[in-house]
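Structure record follows, encoded as structure tokens.
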Amino acid sequence: APCPQWPYCRKRCSYCSFNTYVVPAADEAALRACLLREARTLLRLGRVHRWVHGVSSWGVLRPPCPPAASHPLPCSVTSVFFGGGTPSLASPGTVAAVLEAVAGAAHLPAGAEVTLEANPSSTSTSRLAGFRAAGVNRLSIGVQSLDDAELRMLGREHTAAEARKAVEAARGLFPGRTSIDLLFGLPRQSRDAWARQLEAALGLCDDHISLYQLTLERGTALAGQVRGGALPAPSQDVLADMYQTARSVLVAAGFRHYEVSNFARK
């Protein structure tokens with residue numbers, strides 16, 4: 001599964017330690033060329049080839065496809081995940097170009113899952129429609145919180161209202177394929193506040209929720225505030241209760257807990 005990474009953001013969140021960059025203007029043409037080269041290189045190194053009459057996409061002669069193969073191009077890419085950074089800052093044209101490169105190097109079935117991570121602050125309806133036309137068929141929205149005070153503490157660009165609007169727009173364009181991310185274990189966050197936020201998320205989300213316990217990474221602004229005593233961090237017992245509360249609430253609502261942080265309704 002190729003995972004093209006758009007490394008730029010409009011601002012750095014207070015908890016983020018990822019290898020991302022805030023620049024006045026990204027050179028999208030240069031980054032697009034890098035992403036295309038990276039996609040082709042990783043597929044080649046992973047020995048994922050687009051077979052045509054015994055010749056791979058890299059021009060190397062190979063044995064014919066096995067007779068039992070159900071498709072003339074058996075080396076398929078089943079999913080592509082555009083991460084970041086903030087990949088919703090990329091143009092739909094760049095996303096389309098990466099997908100074309102993947103399809104040129106390997107078999108990319110029409111039903112392959114193509115996910116784009118997005119921030120609510122860069123998800124206008126017209127922009128989302130552009131991503132859908134480019135080949136994206138699933139959206140993962142970094143909501144992180146539905147509480148404005150928490151969003152300000154996290155250094156997020158959006159408000160709770162903007163997050164709701166973005167998710168509603170995404171659900172209209174990607175029905176059954178819109179995921180939201182939420183953080184728990186935030187400074188000053190209580191178990192009751194977390195439970196209320198889960199209930200609000202259930203009224204908003206579509207078919208998938210990812211829940212991540214906040215990690216206070218060394219060197220981040222938020223970690224400095226907590227370690228300096230300006231903000232209190234929840235105890236380990238409270239964190240465990242928050243996780244179990246989330247699991248109970250989501251499973252009762254029909255979600256399947258299929259991975260540590262991930263819950264799917266279907």
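No gaps in the numbering here: position 151 of the sequence shown is 151 in full-length UniProt numbering, and each next residue is one more.
Using N, Cα and C, we set each Cβ at its ideal position, and we do this for glycine too.
For this session: Please look up how many angstroms separate the CB atoms of Ile180 and Phe263, rounded, as I've assumed it's under 8 angstroms.
Result: With a beta-carbon spacing of about 11 angstroms, Ile180 and Phe263 fall beyond the 8 angstroms limit used to define contacts.
Problem set entry | Residue from Ala1, Val143, Gly185, Thr94 whose Cα sits closest to the Cα of Val226 | Of Ala1, Val143, Gly185, Thr94, the residue nearest in Cα terms is Gly185.
Exercise. What are the boundary residues of the beta strand (DSSP E) that includes Glu259?
Worked result: Under the DSSP assignment, Glu259 falls in the beta strand (DSSP E) whose first and last residues are 256-259.
Problem set entry | Cut-off 7 angstroms between Cβ atoms - residues of its own chain near Phe81, not counting five sequence neighbours on either side | So the list reads Ala1, Cys3, Thr115, once near-sequence residues are dropped.
Problem set entry | Alpha-carbon spacing of Ala193 relative to Tyr243, whole angstroms | Whole-angstrom Cα-Cα distance: 13 angstroms.
For this session: Identify every residue that forms a DSSP beta bridge with Val114.
Result: Val114 is bridged to Val80.
For this session: Tell me whether Val22 sits in a helix, a strand or coil according to DSSP, three-state version.
Result: Three-state DSSP puts Val22 in a strand.
Problem set entry | Limits of the alpha helix (DSSP H) - the one that Val251 falls within | Run containing Val251: 236-252, per the alpha helix (DSSP H) assignment.
Problem set entry | Pairwise C-alpha distance: Leu216 and Ser235 | C-alpha separation (whole angstroms): 13 angstroms.
For this session: Please list the segments of the beta strand (DSSP E) lying wholly inside the region 151-195, counting only runs of 3 or more residues, in order along the chain.
Result: Complete beta strand (DSSP E) runs here, min 3: 178-184.
For this session: Tell me whether the beta-carbon of Val102 lies closer than 8 angstroms to the beta-carbon of Ala39.
Result: Against a cut-off of 8 angstroms, the Cβ pair of Ala39 and Val102 comes out as a contact.
For this session: Would you please state the rounded distance, in angstroms, between the beta carbons of Ala118 and Ser88? I believe it to be under 8 angstroms.
Result: Rounded, the Cβ-Cβ distance is 4 angstroms, consistent with contact.
For this session: Ignore the nearest five residues each way along the sequence and tell me which others in Arg156's own chain have a CB closer than 7 angstroms to its CB.
Result: Hits under 7 angstroms: Cys13, Gln144.
Problem set entry | Three-state secondary structure (DSSP) of Ala30 | DSSP, read as helix, strand or coil, puts Ala30 in helix.
Exercise. By Cβ distance, which residues of its chain are closer than 7 angstroms to Phe131, with the 5 residues on each side in sequence left out?
Worked result: Hits under 7 angstroms: Pro92, Val95, Leu116.
For this session: Mark Ser57 as exposed unless 16 or more other C-beta atoms lie within 10 angstroms of its C-beta, in which case mark it buried.
Result: Low local confidence applies: a pLDDT of 47 at Ser57 is under 50, so the model's placement there is unreliable, and no value is given.
For this session: State the CB to CB distance for the pair Cys75 and Val48, rounded to an integer number of angstroms; the pair is presumed to be in contact (CB under 8 angstroms).
Result: Right, the Cβ-Cβ distance comes to about 5 angstroms (below 8 angstroms), so this counts as a contact.
For this session: Could you spell out the range, first to last residue, of the beta strand (DSSP E) harbouring Ser210?
Result: For Ser210, the enclosing beta strand (DSSP E) has its first and last residue at 208-213.
For this session: Could you tell me how far apart the beta carbons of Leu146 and Ala195 are, in whole angstroms, since I believe they sit closer than 8 angstroms?
Result: Rounded, the Cβ-Cβ distance is 12 angstroms, inconsistent with contact.
For this session: Could you tell me whether any non-hydrogen atom of the ligand NAP is closer than 7 angstroms to the CB of Asp237?
Result: Although the ligand NAP was asked about, the structure shown includes no ligands whatsoever.
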